[in-house]
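Numbered per the UniProt record's numbering, the sequence shown spans residues 1 to 475. Using N, Cα and C, we set each Cβ at its ideal position, and we do this for glycine too. Since this is a predicted model, take the numbers as computed values, not measurements. Okay, so here's the structure we're looking at.
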Amino acid sequence: MYSYLFIGNLPQLREEKKMSKEQSLKEKTAQGLFWGGFSNGAQQLLNLLFGIFIARLLSREDYGMVGMLSIFSLIAGSLQESGFTAALANKKEILHKDYNAVFWFSSLMGIGLYLLLFLCAPLIADFYNTPALTPLARYSFLGFLIASLNTAQSAYIFRNLMVKQKAIATMSSLVISGVTGVTMAFYGMAYWGIATQSIVYITSLTCFCWYFSPWRPSMQINLRPLKGMIAFSCRLLITNIFGHINYNILSVILGKFYTEQEVGDFNQANKWNYMGYSVITGMINGVAQPILASVADDRERQKRIFRKMLRFTAFVSFPTLFGLSLITPELITIAITSKWSASAEILRVLCIGSAFTTISGLYSNLIISKGKSNIFMWNTIVLGLIQIAVMLYCYPYGIPVMIKFYVIINVSWLLVWQYFLWKEIRLSLFEMLKDICRMPSLRQLLCLLPIMPRSRSQTYTYCVPPKSCWQQHCI
């Protein structure tokens with residue numbers, strides 16, 4: 001009799017177990033989005049405050065000097081990380097030896113790359129015809145060397161959705177590095193202050209990640225566990241390199257053919273643009289890949305979760321970035337004085353493009369969660385090559401033309417991502433447009449608010465949606 005009752009309740013037990021898993025996933029997603037949103041909002045607020053102080057103290061040339069080196073640091077950082085963070089997150093089962101292999105590979109690669117770039121610093125200075133870049137490059141490149149000690153720890157925190165701990169580590173590091181940067185700028189240390197701020201941030205973040213992560217490396221150097229991850233991670237590595245080229249190609253071309261002041265104007269605009277859209281991408285990226293990877297075997301469920309994430313991303317991205325694009329002249333003048341007024345028009349165009357970049361980032365997270373890093377890689381490579389060709393063709397026509405074509409290409413590339421998403425989860429273009437165009441009246445209202453009559457004494461504010469809103473639109 002008891003056996004009969006037990007067997008009869010099996011479907012109910014399975015259903016309850018399924019509901020329990022669904023609820024657990026919802027809670028993890030909501031918690032991840034909440035802490036991701038809080039963290040990224042606080043981060044960009046801190047970046048804004050410290051950035052205003054530093055921009056008022058330093059010149060356009062100082063930002064231009066540091067901006068010329070950014071692509072080298074980013075590519076070196078990608079090489080030492082080599083895509084293993086995402087590879088570890090995608091593994092179904094993981095052992096200590098997997099983290100240990102990534103730690104030693106990243107550390108040894110970081111040392112080798114730093115020595116190489118240390119020797120190549122004079123060549124970089126010659127490329128830009130700026131001799132002062134040699135000592136600055138050798139100092140700035142210490143950042144990715146220190147970051148190589150944090151690859152395995154970051155992967156552990158990312159895989160285990162330790163979003164709260166990551167938020168604390170990031171915000172604490174921003175405060176420490178921001179105070180350092182402002183102090184050095186106040187005492188007239190020019191571009192050395194910006195470079196030191198970056199190094200202090202990376203060092204602090206590495207220390208905090210070691211504190212929060214319980215994993216520790218062993219002295220046994222065995223790289224054989226990387227063999228199972230190398231195919232996936234290599235594609236991500238190539239993708240990340242071309243992604244950095246795509247994102248920084250304008251800084252390289254401007255540094256080669258334009259003045260340091262013009263490079264500084266672009267970098268300042270790009271920095272403000274990044275502060276706007278990284279709040280959204282950081283919030284989504286912190287949970288998207290692990291959550292989507294956990295349901296990769298159930299296409300319908302994965303599609304349903306993805307569409308909720310897409311609606312939430314559009315709900316936040318479009319009013320925020322379109323609204324920011326409307327107030328750029330006033331915002332730049334009030335915040336960092338009229339000496340940066342040339343950055344305002346650049347920022348306006350970049351914000352429009354970034355509203356769609358957040359959607360592309362979510363698309364790429366789904367492709368990676370399906371294990372199709374080859375699609376991600378070739379998409380980014382082709383986009384990067386097109387960007388390079390178009391920017392080299394456009395540079396004689398001036399910076400505004402280059403910026404507009406740069407944004408047009410990035411926005412248009414969303415259709416390419418849409419094609420691959422249709423192949424993977426059968427998400428149609430109509431469904432995508434339906435999801436990103438929800439509640440148009442609210443978005444129109446938010447976009448019109450900045451141009452409504454208001455007192456000069458009033459300031460513009462950005463409100464982060466509460467946790468309940470995230471649960472409604474993304475869970």
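Whole-angstrom distance between residue j and residue i, CA atom to CA atom
i, j, result
"Leu95", "Ser251", "41 Å"
"Cys351", "Met377", "25 Å"
"Tyr393", "Gly255", "16 Å"
"Cys398", "Glu424", "Note that residue 398 corresponds to Gly in the displayed sequence, not to Cys. If you take the alpha carbons of Gly398 and Glu424, they lie about 40 Å apart."
"Phe405", "Thr85", "33 Å"
"Ala190", "Ile327", "29 Å"
"Phe127", "Asn160", "43 Å"
"Met82", "Ser106", "Per the sequence shown, residue 82 should be read as Ser rather than Met. C-alpha separation (whole angstroms): 8 Å."
"Ile403", "Trp215", "44 Å"
"Leu347", "Gln268", "9 Å"
"Phe144", "Ile157", "19 Å"
"Phe430", "Met309", "16 Å"
"Gly243", "Gly188", "34 Å"
"Ser198", "Val102", "24 Å"
"Leu414", "Leu433", "12 Å"
"Met184", "Thr196", "8 Å"
"Gln80", "Ile409", "29 Å"
"Leu58", "Ile305", "46 Å"
"Met219", "Leu115", "23 Å"
"Thr259", "Ile291", "45 Å"
"Arg281", "Pro122", "Here residue 281 turns out to be Thr, not Arg, going by the sequence shown. About 36 Å."
"Ile375", "Ala155", "22 Å"
"Phe322", "Leu427", "26 Å"
"Tyr460", "Met171", "Since pLDDT at Tyr460 reaches only 40, below the 50 mark, its modelled position is unreliable, and no value is offered."
"Asp435", "Arg307", "7 Å"
"Lys370", "Thr313", "20 Å"
Simplified DSSP state of residue i, which is helix, strand or coil
i, result
"Asp62", "helix"
"Val295", "coil"
"Val283", "Reading off the sequence shown, one finds Met at residue 283, where the question assumed Val. Helix, per DSSP."
"Ile334", "helix"
"Gln357", "Per the sequence shown, the amino acid found at residue 357 is Thr instead of Gln. Here Thr357 sits in helix by DSSP."
"Met229", "coil"
"Cys437", "coil"
"Tyr277", "helix"
"Asn222", "coil"
"Met391", "helix"
"Tyr258", "coil"
"Arg443", "Any reading at Arg443 must be qualified, since the residue scores a pLDDT of 49, below 50, and its modelled position is unreliable; the value itself is stated next. Helix at Arg443."
"Lys370", "coil"
"Trp54", "A small correction: the amino acid at residue 54 is Ile; Trp does not occupy that position in the sequence shown. Note: Ile54 maps to helix in three-state DSSP."
"residue 476", "An answer regarding residue 476 cannot be provided, because it is not within the stretch 1 to 475 covered by the chain."
"Thr313", "helix"
"Ala132", "coil"
"Phe141", "coil"
"Glu93", "coil"
"Ser327", "The sequence shown places Ile at residue 327, not Ser. Ile327 falls in the coil class under three-state DSSP."
"Pro214", "coil"
"Asn160", "coil"
"Arg235", "helix"
"Phe348", "Here residue 348 is Arg; the residue named in the question, Phe, does not match the sequence. Here Arg348 sits in helix by DSSP."
"Ser107", "helix"
"Trp413", "coil"
"Met189", "coil"
"Ser82", "coil"
"Arg454", "The predicted model places Arg454 with a pLDDT of 42, which falls under 50 and marks its position as unreliable; any figure quoted below should be read in that light. In this structure, Arg454 counts as coil in the three-state DSSP scheme."
"Leu427", "coil"
Closest Cα partner of residue i within the set the options
i, options, result
"Gly276", "Asn374, Asn129, Val349", "Val349"
"Ser412", "Gly353, Phe430, Asn374", "Gly353"
"Val279", "Leu117, Ile249, Gly361, Leu414", "Gly361"
"Gln261", "Gln80, Asn47, Met68", "Met68"
"Phe232", "Leu174, Ser364, Trp272, Ser373", "Ser373"
"Ile245", "Ile381, Arg56, Phe315, Cys234", "Ile381"
"Ile367", "Pro396, Trp417, Val390", "Trp417"
"Leu136", "Asn222, Asp435, Ser73, Gln165", "Ser73"
"Tyr395", "Gln44, Phe312, Asn379, Phe257", "Phe257"
"Trp210", "Ile168, Cys234, Asn270", "Ile168"
"Met162", "Thr320, Met283, Ala342, Ala296", "Met283"
Indicate whether the contact test is met: 3 or more Cβ pairs, each with one atom in the stretch 142-154 and one in the stretch 103-118, closer than 8 Å. yes
Taking one C-beta from the stretch 52-70 and one from the stretch 293-304 each time, how about it: are there three or more such pairs within less than 8 Å? no
With a cut-off of 8 Å, do at least 3 Cβ pairs link the stretch 86-93 to the stretch 221-235? yes
Report yes or no: do three or more beta-carbon pairs, one from the stretch 228-240 and one from the stretch 174-181, lie closer than 8 Å? Short answer: they don't touch.
Take every Cβ of the stretch 378-387, pair it with every Cβ of the stretch 311-327, and state whether three or more of those distances are shorter than 8 Å. no
Quick check: the stretch 44-64 against the stretch 336-344, are there 3 or more CB pairs under 8 Å? Yes, the stretch 44-64 touches the stretch 336-344.
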